[in-house]
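The structure appears right after this line, and notes come after that.
Numbering (the working numbering), first residue to last: 7 to 412.
See the structure below:
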């Protein structure tokens, strides 16, 4: 590097001497001008040193620019790497959050949640240890037999509604009610994720009271527990129903807190040879996010030609499974007000039995009916309804999942 510097300096000196020197005729002094900054010197040695300083400064500046560029590139690379790492971390956290939300995080199922919540009740002094052990034993027995313990069930609500509408509620022009159906609500074991299973129990409770379905349900004479329902859905998947939906759950529901919807219930019922269909109301059909076409469809489903103008029509139609974002409920009837507006009557698995039993009281003033009224504002809904007659030739291995768009 030193040799190169000397050579460069020599070239600049030669250039100065040969091209840019001049004489002062009066003082006979030689003046030398710097080719880089136009500084005038009287001594060639001083000029050489001066030019060397320019060269060193230039070399340092060029080297500094290179080092700055390398540093900037390195910092940018590190920044990009950190951002990718943070994004991957964020995606993993969101994925785990979704897994927890939909019960796919391998944190256990109904049994584990039931025991955990009971332990929490004991810790808070809300449950005595002997009560904990008794409930645990009862739960284990029900799970072993695959039947629901019936402790969240309320029966007789449809019959009570029929009497109420015949005697009260002056602002209702007509009302249609489904066949008898029991209400089931969530318990310690499925709180937060069990609405789909509880709605299936409601549907099944109605079908078990209808002799048309005796042959289809000859092996299901009691309401199954939630883990049993999970196994029944898995059995339907094994028969080839809804392979896409099965892959979403990795073909496994039992022992999880996975949410289920209309497609899973469709697969289960169809595997039992019960004819049903899913109708999708994928967007609102009225102003402000309302669904008048859904209400019209439900009215058409329950109404018949031989009603003779009766105010209260107690039909033999099974209830309807209604699903919307984040929740599902069971449609058990529909009101037509005197102003022609329609209102769905719903059984909500989130409503505890203590509230539902208020509807059984003979002196009910109608305020309890608010528990059954439908919220009209959803982005999208789909419903599953069951045919009154069982299919005669539906193959048990049918793989088609039929949707009809309304």
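Idealized CB from N, CA, C, for every residue including glycine.
**Request:** Output yes or no for whether 8 Å exceeds the beta carbon distance between residue 59 and residue 48.
**Result:** no
**Item:** Paired residues, beta bridge with residue 159 - DSSP
**Value:** 190
**Prompt:** Within 10 angstroms of its Cβ, does residue 88 collect 16 or more other Cβ (buried), or is it exposed?
**Reply:** exposed
**Item:** Burial state of residue 320, where buried means 16 or more other Cβ atoms lie within 10 Å
**Value:** buried
**Prompt:** Which residues in the same chain as residue 333 place their Cβ atom closer than 6 Å to its Cβ, once the five residues preceding and following it in sequence are excluded?
**Reply:** 201
**Request:** Consult DSSP for residue 56 and reduce its assignment to one of helix, strand or coil.
**Result:** helix
**Request:** Kindly identify the DSSP beta-bridge partner or partners of residue 282.
**Result:** 392
**Request:** With DSSP as the reference, label residue 182 as helix, strand or coil.
**Result:** strand
**Request:** Work out the CA separation of residue 95 and residue 392 for me, nearest whole Å.
**Result:** 45 Å
**Request:** Tell me whether residue 233 is buried or exposed, calling it buried when 16 or more other Cβ atoms sit within 10 Å of its Cβ.
**Result:** buried
**Message:** Whole angstroms are fine: how far does the CA of residue 231 sit from the CA of residue 193?
**Reply:** 12 Å
**Asked** Thinking just about the alpha-carbon of each residue, which of 367, 123, 158, 344 is nearest to the one in residue 177?
**Response** 344
**Prompt:** Between the stretch 202 to 216 and the stretch 176 to 190, are three or more C-beta pairs nearer than 8 Å?
**Reply:** yes
**Asked** Just the Cα atoms here: how many angstroms apart are residue 356 and residue 189?
**Response** 10 Å
**Request:** Grab me the residues of residue 383's own chain with a C-beta within less than 6 Å of its C-beta, minus the 5 sequence neighbours each way, in chain order.
**Result:** The predicted model places residue 383 with a pLDDT of 45, which falls under 50 and marks its position as unreliable, so this point remains unresolved.
**Message:** Just list the residues that DSSP pairs residue 319 with in beta bridges.
**Reply:** 182
**Request:** Give me whichever residues DSSP pairs with residue 379 in a beta bridge.
**Result:** 351
**Prompt:** Just how far apart, CA to CA, sit residue 352 and residue 328?
**Reply:** 9 Å
**Item:** Other residues of its chain near residue 340: CB distance less than 8 Å, five sequence neighbours each side excluded
**Value:** 181, 182, 301, 304, 305, 308, 348, 349, 350, 351
**Message:** If you measure between the beta carbons of residue 389 and residue 285, is that distance less than 8 Å?
**Reply:** yes
**Message:** Measuring straight from C-alpha to C-alpha, what distance separates residue 197 and residue 168?
**Reply:** 30 Å
**Between the CA atoms of residue 316 and residue 144 - distance to the nearest angstrom** = 46 Å
**Request:** Count the other CB atoms, across all protein chains shown, that sit within 10 Å of the CB of residue 269; report buried if there are 16 or more and exposed otherwise.
**Result:** buried
**Prompt:** For residue 226, does the three-state DSSP call read helix, strand or coil?
**Reply:** coil
**Message:** Once DSSP output is grouped into helix, strand and coil, what is the label at residue 259?
**Reply:** coil
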